[in-house]
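Residue numbers (this note's numbering), protein chains in the order written: chain A, 33 to 292; chain B, 37 to 312.
Below: the structure, in structure tokens.
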């Protein structure tokens with residue numbers, strides 16, 4: 033029994049210690065952020081690999097999710113004779129929930145894991161100590177530009193996801209199931225609010241951007257400098273981001289849309 | 037140990053009573069080392085005796101538990117980050133693997149410290165990088181990526197990068213490990229040439245006895261966290277200490293035992309029979 037308590041205690045201590053390291057890491061990144069913004073080239077290069085290269089996955093996912101939402105939404109709404117509201121249903125689900133959340137989950141799998149592996153391997157191959165030896169701060173040169181790139185890219189990717197999702201909904205609802213095009217768009221226009229829905233969705237994806245990129249960069253930095261260490265860190269990035277995004281989504285939804 | 041360990045009193049690096057602990061285990065336990073300016077000094081010793089730790093202490097990458105580490109008159113552990121970075125701009129280091137940036141070409145790797153720390157016009161920067169690459173014989177390899185280089189070439193590029201900012205000293209971590217004889221010869225020649233032509237001070241960490249004896253001006257032999265012997269290569273060869281002779285001549289058995297501590301052999305075997 034004492035052994036069990038000891039184990040729980042040790043695990044908890046390790047967890048808290050790691051949490052502390054993670055926050056110190058975030059603070060050090062934030063401290064050099066003004067200089068990274070001042071010299072934007074490094075961040076722009078990272079936005080290409082983190083954002084632009086993720087676009088294909090995000091676009092295809094957005095389109096298919098929109099198509100599925102269109103199909104399922106139609107099947108439910110048609111029972112109540114409310115299939116004209118399909119545009120509203122698809123757009124609200126995408127802008128408020130599916131866009132930010134699914135983009136963040138896909139981002140963790142596509143870009144987050146790559147960031148962790150890249151930084152972890154830079155440690156394995158002594159590139160980070162070499163940089164320190166050349167009196168170059170890896171926080172300014174490596175971590176912060178990647179972090180900023182992720183934070184900027186996430187809302188843009190979520191916007192692309194939602195926009196293509198709406199088009200997917202149009203394709204199924206208007207194109208295949210024969211809903212009136214005017215009704216689809218006008219319902220959407222009337223019921224989607226720029227502040228309540230779109231802005232809240234953007235805020236969500238910005239929060240997810242911070243959390244997902246922070247986890248990815250920190251896991252790479254904190255990985256054991258071995259092959260196995262990097263592989264574990266990559267897995268942790270995806271798992272922890274998924275948990276964090278889903279938990280935060282609930283909290284943010286409760287705060288933004290009330291009802292809890 | 038006497039205060040001045042070498043005949044030359046003009047020392048660039050001075051370690052005094054340095055203790056470095058990892059957990060309860062002392063990796064370095066009261067170490068005194070002097071690195072003379074303008075000379076090639078090698079720190080030798082068996083694997084796992086903290087040779088690389090000495091380099092990392094000199095570079096201020098880790099802090100000693102006790103003792104002082106002075107580089108060019110500055111006590112490294114007491115420096116703040118800004119002063120430490122200023123000092124590091126005057127030090128070059130070649131890591132065991134080369135540690136080249138895998139996403140940059142050879143040219144950009146050598147240009148990296150120049151781009152970070154200077155605002156030189158592009159044409160001047162190009163000339164400087166080509167001069168550094170010419171010094172290590174790899175001007176023609178400027179457009180290759182690190183993944184296209186052999187181990188020896190990667191180390192030579194790392195040397196060019198280490199001298200990019202014209203440092204006062206350069207540190208080599210195991211420069212010969214795992215290289216073919218020709219590459220070893222090339223690296224030996226380069227270490228000597230760069231040291232003499234650029235007026236550098238070189239510190240090598242290695243356990244390749246023949247190679248470092250040939251190019252070093254002074255040797256330190258360390259074991260169990262302490263300096264066992266030091267002197268010129270010739271003086272060390274004549275050392276009466278049995279352990280030094282075992283290490284320098286690569287004898288399998290001696291004061292450093294071949295066998296890991298174990299119970300009596302016969303008893304151990306018979307114990308297996310008895311338990312059946």
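Cβ atoms here follow ideal geometry from the backbone N, Cα and C, with glycine treated the same way.
Not one beta carbon of chain B lies nearer than 8 angstroms to the beta carbon of residue 146/A. Here residue 230/B carries a helix assignment [DSSP, helix/strand/coil].
Using a CB distance cut-off of 8 angstroms, residue 210/B does not count as an interface residue toward chain A. Per DSSP, reduced to three states, the secondary structure at residue 98/B is coil, with no helix or strand assignment. Closest option to residue 90/A, judged by alpha-carbon separation, among 208/A, 201/A and 191/A: 191/A. Check the Cα spacing between residue 152/A and each of 85/A, 171/A, 252/A and 38/A: the tightest is with 252/A. Residue 75/B has a beta carbon lying at 8 angstroms or more from every beta carbon in chain A. It is roughly 22 angstroms from the alpha-carbon of residue 119/A to the alpha-carbon of residue 188/A. Residue ranges of uninterrupted beta strand (DSSP E) with 3 or more members, entirely inside the stretch 127-195 of chain B and ordered along the chain, are 127-130. For residue 129/B, the nearest beta carbon of chain A is closer than 8 angstroms to its own beta carbon.
In the structure shown, residue 61/B adopts extended strand secondary structure according to DSSP, grouped into three states. The criterion of a C-beta distance shorter than 8 angstroms is satisfied by residue 57/A and residue 250/A. Closest in alpha carbon position to residue 228/A, among 124/A, 165/A and 267/A, is 124/A. With a beta-carbon spacing of about 17 angstroms, residue 121/A and residue 134/A fall beyond the 8 angstroms limit used to define contacts.
With respect to the C-alpha of residue 190/B, the residue from 258/B, 199/B, 204/B and 174/B having the closest C-alpha is 174/B. For residue 245/A, no beta strand (DSSP E) segment is defined; the enclosing uninterrupted segment is the alpha helix (DSSP H) at 232-254. Setting aside the 5 residues that flank it on each side, residue 138/B is surrounded in the same chain by 181, 182 and 183, each with a C-beta closer than 8 angstroms to its C-beta; the list follows chain order. Against residue 245/A, chain B offers no close residue; the least beta-carbon distance is about 19 angstroms (beta-carbon pairs closer than 8 angstroms). Considering only beta carbons, the part of the stretch 135-155 of chain B lying closer than 8 angstroms to chain A consists of 135, 136, 137, 138, 148, 149, 152 and 153, in chain order. When only Cα atoms are considered, residue 221/B and residue 274/B end up about 25 angstroms apart.
Residue environment for residue 75/B: buried (at least 16 other C-beta atoms within 10 angstroms of its C-beta).
When the beta-carbon positions are compared, residue 79/B and residue 87/B come within less than 8 angstroms of each other. Given a length threshold of 3 residues, the stretch 39-81 of chain A has no whole run of the beta strand (DSSP E) inside it. Taken through DSSP and simplified to helix, strand or coil, residue 49/B comes out as strand.
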